[in-house]
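Quick note on this note's numbering: the sequence shown kicks off at 100 and runs consecutively.
So the structure is just underneath, and the comments pick up after that.
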Amino acid sequence: MTEKKACFNVNWYKIYLFCIRWRIATCIFLGLVFLPFPGFTQDVVEYDEIPVFFNVQKFGGMEINTIIKDETAYLPITDVFNFLKVKNTISKDLDSISGFFLNQKAIYLIDKDHNKIIFQGETYQLKPGDLIGTEFNLYLKSNYFGEIFGLACTFNFRSLSVSLTTDLELPVIREMRQEQMRANVSRLKGEVKADTTVVLI
């Protein structure tokens, strides 16, 4: 009788330990899932991605998807540079963009992993959250376009538009002027394209 009682107590103790361990493991799992650890919350989506009209002074504009966070615009770097015809190459992991600005000596690197921008040999350390990466693009807080590259971007929250002003001769504006000059030369030479074709019978 004593042996049966001892065996029963041992089995009960094993079941008790198993239940305690299971409860501890469950609490740890739920804590990892639901508690806001700093390392896990940095990638939590806290922004809206919406289309915004991007307008360049003395040229024109287009609609681009822009991240709006706390009424601040974060512009898609590749879309902006492609529109301005600034040389840029984005990495396979979409965590950095490199190229040159206006001339081949003005090399830049926008590095999300190290949260910095290197331009013409000078390093600009960004604040956490100033660069936002998505599965399709890399977004930069709009004020840095002006502070680093001389492309002053003003965001209007009411009209959902961004106006870019600069004293620099951007590649896209240079090409537009060259095209206008070629058109003027053609007019002076009398090389006017006919709008209609007349067929004589």
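Backbone N, C-alpha and C fix where the C-beta goes; we use that ideal spot for every residue, glycine too.
Presumed contact (8 Å Cβ cut-off) between V151 and P270, rounded CB distance: Actually they do not touch by this definition, with Cβ atoms about 22 Å apart.
Classification of D229 by the beta-carbon crowding that lies within 10 angstroms, buried from 16 upward: buried
Anticipated Cβ contact below 8 Å, I209 with I176, distance rounded: 6 Å
Three-state secondary structure (DSSP) of Q277: helix
Residues near F133 by beta carbon distance below 6 Å, same chain, minus five either side: Caution applies to F133, whose pLDDT of 47 falls short of 50 and renders its modelled position unreliable; the value that the coordinates give is listed next. Counting only Cβ-Cβ distances below 6 Å, and skipping sequence neighbours, we find nothing.
Contact between the stretch 184-204 and the stretch 152-159 (3+ Cβ pairs under 8 Å): no
T171 and K240 closer than 8 Å at C-beta: yes
For L183, the first and last residue of its enclosing alpha helix (DSSP H): I176 to L183
N242 versus K288: straight-line alpha-carbon distance, rounded: 46 Å
Span separating the alpha-carbon of L193 from that of D147: 19 Å
Simplified DSSP assignment, three categories, for F254: strand
Within-8 Å CB hit, M275 to chain B: The question asks about chain B, but that chain is absent: this structure has only one protein chain.
Helix, strand or coil at C126 according to DSSP, with G and I counted as helix: Bear in mind that a pLDDT of 47 at C126, under 50, signals an unreliable position, so the number given afterwards is only what the model happens to contain. Helix.
Nonlocal neighbours in the same chain, by C-beta distance under 8 Å from C252, ignoring five residues either side: A172, L174, S241, N242, F244, G245, V261, S262 and L263
Start and end residues, alpha helix (DSSP H) containing E246: N242 to F248
Three-way DSSP call (helix, strand, coil) for P150 in this model: strand
Reference F182, options I189, S195, S197 and E162, closest by Cα: E162
Same chain, Cβ closer than 6 Å to R257, five either side skipped, listed in chain order: none
Chain-order list of residues whose beta-carbon lies under 7 Å from that of K211 (same chain, five-residue window excluded): D194, S195, L230, G232 and L237
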